[in-house]
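Undergrad:
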Amino acid sequence: DVFVFLGSRFIVYLLLGLLAALVGQTFFRTGLFREVITGSAYIILSVTLIIYAFFRIKPLCMLKNLNEMPANQADRRTLLVPLVGGLVTGLSLCPSLLLAFTGAASEESIWKSITFFILFFLGTTVYFIPLVFLGLIHGKNVIHIIGKIAAGMAGVIFFAKGLILLINSISS
Numbered sequence: 009d010v011f012v013f014l015g016s017r018f019i020v021y022l023l024l025g026l027l028a029a030l031v032g033q034t035f036f037r038t039g040l041f042r043e044v045i046t047g048s049a050y051i052i053l054s055v056t057l058i059i060y061a062f063f064r065i066k067p068l069c070m071l072k073n074l075n076e077m078p079a080n081q082a083d084r085r086t087l088l089v090p091l092v093g094g095l096v097t098g099l100s101l102c103p104s105l106l107l108a109f110t111g112a113a114s115e116e117s118i119w120k121s122i123t124f125f126i127l128f129f130l131g132t133t134v135y136f137i138p139l140v141f142l143g144l145i146h147g148k149n150v151i152h153i154i155g156k157i158a159a160g161m162a163g164v165i166f167f168a169k170g171l172i173l174l175i176n177s178i179s180s
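Going by the numbering used here, the first residue of the sequence shown is number 9, and it counts up by one from there.
1. Would residue 20 be called buried (16 or more neighbouring beta carbons within 10 Å of its own) or exposed?
2. Taking only three categories from DSSP, how would you classify residue 165?
3. Thinking C-beta only, is residue 121 closer than 8 Å to residue 28?
4. Determine the DSSP secondary structure at residue 124, reduced to helix, strand or coil.
5. May I ask which residues mark the beginning and end of the alpha helix (DSSP H) holding residue 104?
6. With DSSP collapsed to three states, give me the class of residue 63.
7. So does the segment 152 to 162 actually touch the segment 40 to 53, counting three or more Cβ pairs closer than 8 Å?
8. Closest Cβ-Cβ distance between residue 153 and chain D: below 8 Å?
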């Protein structure tokens, strides 16, 4: 189940890397335009990441209907839940995914964009490892706080990166 979940996320990220490359090659042809668009997107998305990290936002659950499947389809559901779960989490339009898409689109080649998303997959997969042990940990609140701090720090870093890109594009 875990491998089906991670495998479907990996496929989504490969496709997103390819899509980001095509968007980047189509719209980000000139360096100045690329810096302005990427810098602006980093600033906007980093602010949404910070808001997402520190304010309570109820996520949309796309998987709730899977639990309502009839009992006679339980065998299909056992494979379907991790497969669809991986696809949905891979396509969730959260600020970090949008930041990754922006970063991949600003890369200069298709291979670099796909590599960007492969590394994004590996980096985010690390966060799924503790989920296996979450049932054993009673202090789940600590994990939430650490996640919020990490998201906030990432937001600040991307905000600074976006600001630097914009300043560099204005001064050139």
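All C-beta atoms in this analysis are idealised placements derived from N, C-alpha and C, irrespective of residue type, glycine included.
TA: Per the coordinate set shown:
1. For the purposes of this step, residue 20 is taken as residue 12 along the sequence shown, with counting starting at 1. With 16 or more other Cβ atoms within 10 Å, it is buried.
2. By one-based count along the sequence shown, residue 165 stands at place 157. Correct three-state label for residue 165: helix.
3. The residue given as residue 28 occupies position 20 in the sequence shown. The residue given as residue 121 occupies position 113 in the sequence shown. Yes, these two residues count as a Cβ contact at 8 Å.
4. By one-based count along the sequence shown, residue 124 stands at place 116. Helix, per DSSP.
5. Counted from its first residue, the sequence shown places residue 104 at position 96. Residue 104 -> alpha helix (DSSP H) spans 103 to 113.
6. As a position in the sequence shown, residue 63 is number 55, starting the count at 1. Three-state result, residue 63: coil.
7. no
8. Absent from the structure is chain D; it holds one protein chain and no more.
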